Every structure is written in structure tokens, then in C-alpha cells.
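K.L.:
My questions will all concern the structure given below.
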Amino acid sequence: MRVEGAIRFIILSEIVFPIVLLIFGIYHGVMQVLYRAGFIKAESFLGIDYYQGLTLHGVINVIVFTTIFIVGFSNALVMYALKKPLREKVQWIAWAMMIGGTLMAAWAMFTGRATVLYTFYPPLIAHWTFYLGAVLLVLGSLVPFFFDWIPNAIAWKRENPDQKIPLAVFGTFVNFILWTIMIVPVAVEILFQLLPLSLGLVDEINPLLARTLFWFFGHPVVYFWLLPAYVALYTILPKIVSEKGKLYSDPAARLAFVLFLIFSLPVGLHHQFTDPGITNTWKLIHALFTFGVALPSMITAFTVAASLEYSVKVEHPELKDSKFYWWAFLPYFKMEGLKWLFPFFFSGLILFFIGGITGIINASYNVNLVVHNTAYVPGHFHTTVGGLVLMVFFGMALYMIAKLKGTDVKFKGLAMISPYLWLAGQMIFSNAMMIGGLLEGWPRRTNSGLTYLNPDSPFYRPDWEGYALFSVIGGVIMGIAFLIYLVPFFATLLAPSTKESTIEFPFAEAYHDEPAPLLNNLRTWTVAAIVLAVLSYIPPLYDAAVRGVFFKSPAYIEKFPVPLKQLQQSKKEEPSGQEVVRR
Amino acid sequence: MDRAEKIGLTLALIMLLGFFVLVVYAAKGLKIDIPTCITDVEPFQQGKLIKHADKRYELHILAKMWLFDFNEGATQIKLPVGSVVDVYVTSKDVVHGVHINDTNFNVMAIPGTVGYLRVKFEKPGVYHVVCHEFCGVGHHAMEGKIVVE
Chain A
1 MRVEGAIRFI ILSEIVFPIV LLIFGIYHGV MQVLYRAGFI KAESFLGIDY YQGLTLHGVI
61 NVIVFTTIFI VGFSNALVMY ALKKPLREKV QWIAWAMMIG GTLMAAWAMF TGRATVLYTF
121 YPPLIAHWTF YLGAVLLVLG SLVPFFFDWI PNAIAWKREN PDQKIPLAVF GTFVNFILWT
181 IMIVPVAVEI LFQLLPLSLG LVDEINPLLA RTLFWFFGHP VVYFWLLPAY VALYTILPKI
241 VSEKGKLYSD PAARLAFVLF LIFSLPVGLH HQFTDPGITN TWKLIHALFT FGVALPSMIT
301 AFTVAASLEY SVKVEHPELK DSKFYWWAFL PYFKMEGLKW LFPFFFSGLI LFFIGGITGI
361 INASYNVNLV VHNTAYVPGH FHTTVGGLVL MVFFGMALYM IAKLKGTDVK FKGLAMISPY
421 LWLAGQMIFS NAMMIGGLLE GWPRRTNSGL TYLNPDSPFY RPDWEGYALF SVIGGVIMGI
481 AFLIYLVPFF ATLLAPSTKE STIEFPFAEA YHDEPAPLLN NLRTWTVAAI VLAVLSYIPP
541 LYDAAVRGVF FKSPAYIEKF PVPLKQLQQS KKEEPSGQEV VRR
Chain B
584 MDRAEKIGLT LALIMLLGFF VLVVYAAKGL KIDIPTCITD VEPFQQGKLI KHADKRYELH
644 ILAKMWLFDF NEGATQIKLP VGSVVDVYVT SKDVVHGVHI NDTNFNVMAI PGTVGYLRVK
704 FEKPGVYHVV CHEFCGVGHH AMEGKIVVE
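As C-alpha cells, this is what we get:
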């Protein structure tokens, strides 16, 4: 399908802009491991403080990169699957909101006005531009869904009343329905709690309520990152393995998406198992639902493996009766056709296997006491969002810019090496983090090189040294893998066009397919998801708002152990004092 | 749905249910439970160690920028081996995390609230207490140590 003009520019920039931002995001990732291990023993490096860099790493990598890339990828998927053009005005509004919001938040973070990490827990408070930027980014990302894709899907349904909506669109819609619902609580937190506090309109905040609203958003958001990768696993991966490849089962894929819609929301309390002020019965119920949301991932693991098996065997009929030997015939390192994309998907799948299992440990209620906020947690989620999600996005980004630029992917060999190198680095890094956290209690989010891993400090913990060293090795390998990826990425982006600009995806047909009207009734499932989410959150929100919290807290900034208001007053009284503290 | 899919789905469900049953058994049967909503102890302004009986203590930990107050400003306390301690936690300012290494005590300190868990110190040694939630520029230097002898 041909694309040109504004739509081509918008989709292309929604891929290129987040990957360019990742240069900062991943740079700060590499810096983290060096600081944490004490290779850099300092508060800051090149003008950026450790915790400021950690904020940039988190916000860029999992809020900005993911959101903008997902909008671009989903724009392309929906456009191609429905064969309907996108609306320029709608797309420009979304683009301006997302880019504008990003620049606002980036200004606050780079100038040190928002060193609050990507979870921005109050009563630490950031400059208001950080919060407003975040709101603009997420609201902008909803605009294409409501004003472009839904009208197009309704028109498509009118023209094709007997067909079910294409699987890629179905998965994308489930994802954006979820995204819409989860944005409500975090928008309430930002607009009614954080923004007024940041602007000085109110003096106090309920930090537990803010945390609870944040995690109402903060866990489902990982499925917002994951589902586009799942869409690619279901609809595109079989065709990468073989031109004759097929998806094993279309209804199983739709069932997985519907289960995600229902179980993604009532699970946020598993991030707050160790929080005071919330009745633990509700934590246990959220743990049960978190186990429920593991189910669609297990269904996906089955369906993906079955699709790989079908797709290999259709190309190699002699393997018909093999149980395991066919695994040896996957296109691990082949350049022809689309097979060059396989290393991205395969590396991602291996990492996600680890991510899924370690996630069940996090979700296991009292087992969480051993791992909560230790290095185990980043070890876990670097194999999910820094594993399957990132690898599939990298692969699809390269594929899409080649199509949009009307050229072929350059340096395919390097492109195929980078995911394997990333896989190796991630395995070393996440292993070190997980074991160091699990067995030794090495904390996350801590500049441990200054104290815990500094032999001159009274806090010195020599038992953490080995894990820190391996996290550095893994982190540096990942940094190199990213640099290698950038070579084909920029070479393809800057190559001259030889063909027309297109958007097309190699969608696989289903091997098992049947009409499933119940599964396709997204309206009913959406209502069910909202009802379950609200019911599961009324009692904990009541605890957090009323029962468990004795009084509200004034705002603080990270540099001073006194409330911000007090700080500002004492500065006013002594105008000749040090720098005026403003937020 | 073919036979392989049915078997796969059933196995997945059995596995997840099995995990959940074990978790509930550990929580309610073995009493390894997690913090709940405390309404009868108000947030305190100072750390305090209270001895109720032989090897029975109550410890109020006040986390603040940037140290742990265990007992009227003390960042180190001593306890006899085998002590059973009811530990309450709150924060004076921002959110902190309180992890007594080598124990299951891992509770967030949130201002305005009280967290609670019981710990039994069965082995002698130094138990480091680490803050694991970002609480400002001194976060990596939050001092706290429990010596068990």
C-alpha cells in the first residue's frame, strides 16, 4: 500500500524519533551499571546526576520510546490491515501532542527539575512541565485510536459484514482499549494530586493514594508495551520463518487478547505487596488475577511454538514426524526474504521465557518479600520490556523504515548480529541483577558505587561485588549491541530511495480458523474489563484514601531534607543566601 | 481447539493454581504474610525500641532523609539471638524502603501510614538495613544496622 506526504513523514518520524531518543536512554543504562558497580564513584558524570540519569533512562525507554513507537507501528498495522488511508489532521494533532509533551518533560529532566524516577512517587515533586508533558504524551497517543482507527474499522465492518476484523487490528484495538482505561487513574493522579501540588495550589498530598493510582496504570502499561509485540508474533512471525508459514490458531490468538483485556487491570496491587495501609486480602486477590494474566502468555507460548513448528515443517516436509529436531531448522541466521528478521524475534522469545517465569515469582504475594525493590526487579523487567518488546520493535522498525523509504535494508548481517549480542548481554546482566537481588538483597535504584561497593565506605558490602561486575559486563555488551543496530538503522534511513514508499506487512493466514462471534464481541469484553477493574480497586482505594492514611504530606525535592515550602520561605527571608530554590 | 491445545491449557491452569495454593498455604498456614492496613498504631515521630519480655521486643523504625532512626536517633541497635520483634515502620518525609537483609522484612515506609511485620532473628550476626526506594541525594547512604548476639 502506497504512502506519501504527511502520513509518510508522520509514521516515519514516529519510528525514528523514539529510536534517536533511545540513544540517550541506553547511554544512561550503560552509565547505571558503571555507577552501581563503583566503576564511576561520583554523584554525577558529564553534568548529569546518577538519579537524574536513572529518571531519563526509565522515562525515555519505557514511557516515551514505547508510546510513540507503538502509535507509529499501530498506525501502519491498522492502515495496511484495513486498507484505508489515515486522516492527516488527526495524525498531526496526535504527533504534535506527543512530541510537544516529550520535549516539555525532557526539558524538566535534563535541567534537573524532575529527578523523581519514572514512577514519580510523591511527596517528592517535580516541575509542573514534567507532569503536563507526560499527560500530553499519553493523551496524544489516544487521538489516532479514537478519531482515525475506530471510524475506519466501523467503515470496514460495514463493507465486510460477514468477516471478522483482521487479527492485527483486533490485537491493536484490545491494546488501545486497555491503554484508554489505564490512563484514567494515572491522569487522575497527575491532574488532581501532582500538578496542583507542583504548581503550589495545594500544600499536601496523600502519597499512598498516589501510589495506588499510579500502579492501577503502572502494571497494565507493561501489557500496552507487550501486546504490539504479540500482534507481530501472531500475524507476522510465521511468514518470517517461511513464505508458506501459518499462524497455528486464530481463535487461540483472539482468546489470548481477550484474556489480556480482562486480567491486565485488576493486578496493580502486586507492586504494592509491601506497602502499608492496604488490606492484604485485596493484595491476595490481585495476586490471583496476576496469575490469571499469566495464562494468555502461556497460550501465546503454545501458539507461537506451534506456528513455528508448522512453518518449519511446511518448508521441510522431511521433518514431518520430528518432535524436537525441527527446532534445528529455524532460520537462525539466514538473509533471504524476511528471514533476516528472525534473530530479533528469537532473541526476544528466549528473553521473554525468562521474563514470564520470573514475573510469576514477583506476583507470588509473600515470595515478593524476598525480591521487592531489590536488583531482582530490574533484572526481571529487562528481560520483558528490554527483551521481547525491544527486540520485536527493533526488528519491525528496521523493516518499516526500509519500506517507507522505498529501499532495502542495508548491512543485514550486522542487523542480524545485534539481537544475538543483545540477548547475550541481557542474559548476563539480568542474571547478575536477579541473583544479586534475590540472594543478597542488592537494592535497585541505588548509586551503590558510592557506598555499598566502595571499599573506603563504612557501608561496604563485598558480597555484592561479583554481581555488580557481571552487570557491567552485560550492560556494556548491550550498549555495543545497540551501537551495532544503529549502523543498519541509519544506513537504511539515509539510503536513496529506489522504489516507491509503501506500508505492507506479511500477514500470515491461520491454520486453524473458525468464526468465534463471542470472542470478537469487544464491546462486551470491554465492559467486563472495566467492571472487574473498578470492583477490584474500590476497597484498596478506600484503604489508601481513608483508612490507612493518618495525614497528608508536604512536598519535598530530592536535594533537601526539609519540605519545599519551608525551604522557599527561608530563602525569601534571606535573599542574600545561596541559590534560590524554585520548582 | 485441538487435543494438544487442550492439554497445554489444562497443564497451564494446574500449574498456576498449584502455585497459588502454595502461596496461600505459606501465608495463612506458615504465617509468612505481608503488610496489611494498620489503623490502631499512629505514625510516630521518633524511633523506639521497647522490651516487652525476654526476647520479645517492639521496634518503631522512623525512616527519614537520610538515616533509619531505631531508637531515639540511634542508627544501630543490639538484640539477643532468638528475639521476636514486632517491627513498625513509618517515614518522616518522603517514601523510603526498609529491607532488613537476610530476613523477610521488606516494607515500604510511606509518610502518614504505618507498616508492620514480625521478624525473628534466629542467627547471630550483623543485619544491614538498606533503603531501596529513591528518597533523594543521600539515598545510597541511609545508615541502619541491627546487631544480633
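For the record, the sequence lines run as chains A and B.
Going by this note's numbering, the first residue of the first sequence is number 1, and it counts up by one from there.
Going by this note's numbering, the first residue of the second sequence is number 584, and it counts up by one from there.
Glycine included, each C-beta is placed from N, C-alpha and C at the ideal position.
Note that the structure is a prediction, hence the values are computed from the model and not measured.
1) Residues of chain B with a CB under 8 Å from the CB of A/F289: which are they?
2) Output, in sequence order along the chain, the residues in the segment 178-211 of chain A whose CB is closer than 8 Å to any CB in chain B.
3) Closer than 8 Å between beta carbons: that is the criterion. Which residues of the segment 351-375 of chain A meet it against chain B?
4) Reducing DSSP to helix, strand and coil, say where A/V580 ends up.
5) Looking at A/R445: is its Cβ nearer than 8 Å to the Cβ of B/H715?
6) Specify whether the segment 439-456 of chain A and the segment 397-406 of chain A touch according to this definition: at least 3 beta carbon pairs, one from each stretch, less than 8 Å apart.
7) Between the beta-carbon of A/P276 and the beta-carbon of B/G698, is there less than 8 Å?
8) Give me the chain B residues within the contact set of A/A294, using Cβ-Cβ distance strictly less than 7 Å, ordered along the chain.
9) Under 8 Å, do A/L117 and A/A555 count as touching if we go by C-beta distance?
10) As a quick exercise: from A/L535, A/R547, A/I503, pick the residue whose alpha carbon is nearest that of A/V3.
11) Tell me the rounded alpha-carbon separation between A/M335 and A/I7.
12) Are the segment 362-375 of chain A and the segment 284-299 of chain A touching by the rule of at least three beta carbon pairs closer than 8 Å?
13) Ignore the nearest five residues each way along the sequence and tell me which others in A/N520's own chain have a CB closer than 8 Å to its CB.
14) Within its chain, find whatever has a CB closer than 7 Å to the CB of B/G719; leave out the 5 residues flanking it on each side and keep chain order.
15) Which two residues bound the contiguous beta strand (DSSP E) that contains B/M691?
16) Could you please give the first and the last residue of the uninterrupted beta strand (DSSP E) stretch that includes B/E641?
17) Taking just the CA atoms, how far does A/G474 sit from A/V314?
18) Decide yes or no for the touch test of the segment 672-691 of chain B against the segment 630-649 of chain B: beta carbon pairs closer than 8 Å, at least 3 of them.
19) Out of A/Q569, A/L567, A/P563, A/F550, which has the shortest C-alpha to C-alpha gap to B/D623?
20) Assuming A/W422 and A/L261 are in contact, meaning their beta carbons sit under 8 Å apart, how far apart are those beta carbons, in whole angstroms?
21) Short of 7 Å in beta carbon distance, which residues of its chain neighbour A/A495, apart from the five on each side in sequence? Order them along the chain.
22) Determine the chain A residues that contact B/T622 at a beta-carbon separation under 8 Å, and present them in chain order.
23) Check the Cβ-Cβ distances between A/Y556 and every residue of chain B, and say whether any is below 8 Å.
24) In terms of DSSP beta bridges, what is A/T212 paired with?
25) Any Cβ of chain A within less than 8 Å of the Cβ of B/V702?
26) Can you give the Cα-Cα distance for A/A415 and B/S666, rounded to whole angstroms?
27) Which complete beta strand (DSSP E) runs does the segment 591-631 of chain B hold, if anything under 3 residues is left out?
28) Thinking A/F352 and A/G395 are a contact (beta carbons under 8 Å), I'd like their distance in whole angstroms, please.
29) Closer than 7 Å to a non-hydrogen atom of the ligand COA - does that hold for the CB of A/K164?
30) Could you confirm whether any beta carbon from chain A is found closer than 8 Å to the beta carbon of B/L592?
31) Could you give the distance in angstroms between the alpha-carbon of A/Q578 and the alpha-carbon of A/T111?
32) According to the neighbour-count rule (16 or more other Cβ atoms, all chains shown, within 10 Å of its Cβ), is A/F393 buried or exposed?
33) Pull up the CB-CB distance for A/G437 and A/V377, whole angstroms please, since I reckon it's below 8 Å.
34) Quick check: the Cα distance between A/G25 and A/I99, rounded to an integer number of angstroms?
35) Find the residues of chain C that neighbour B/K647, judging by a C-beta separation of less than 9 Å, and give them in chain order.
36) Whole alpha helix (DSSP H) runs in the segment 288-321 of chain A with 4 or more residues, listed along the chain?
P.N.:
A quick look at the data gives this:
1) Near A/F289 there are no residues of chain B at all, since even the closest Cβ is about 11 Å away, more than 8 Å.
2) N206, P207, L208, R211
3) I360, S364, Y365, N366, V367, N368, L369, V370, H372, N373, T374
4) Note that A/V580 scores 47 on pLDDT, short of 50, meaning its location in the model is unreliable; the coordinates nonetheless yield the value given after this. The answer is coil: DSSP assigns A/V580 none of H, G, I, E or B.
5) yes
6) no
7) yes
8) L599
9) no
10) A/I503
11) 30 Å
12) yes
13) K164, I165, F170, R254
14) M648, W649, V677
15) 689-692
16) 639-647
17) 38 Å
18) yes
19) A/F550
20) About 30 Å separates the two Cβ atoms, so there is no contact after all.
21) K405, T407, K410
22) R547, G548
23) yes
24) Note: A/T212 sits in no beta bridge, so no partner.
25) no
26) 58 Å
27) none
28) Contact flag wrong, Cβ pair sits at about 14 Å.
29) Ligands in the displayed structure: none, and consequently the ligand COA is not present.
30) yes
31) The predicted position of A/Q578 is uncertain, since its pLDDT is 48 and thus under 50; a value taken from the coordinates is nonetheless stated next. Cα to Cα, the separation comes out at about 18 Å.
32) buried
33) 7 Å
34) 16 Å
35) Of the protein chains in the structure, A and B, none is chain C.
36) none
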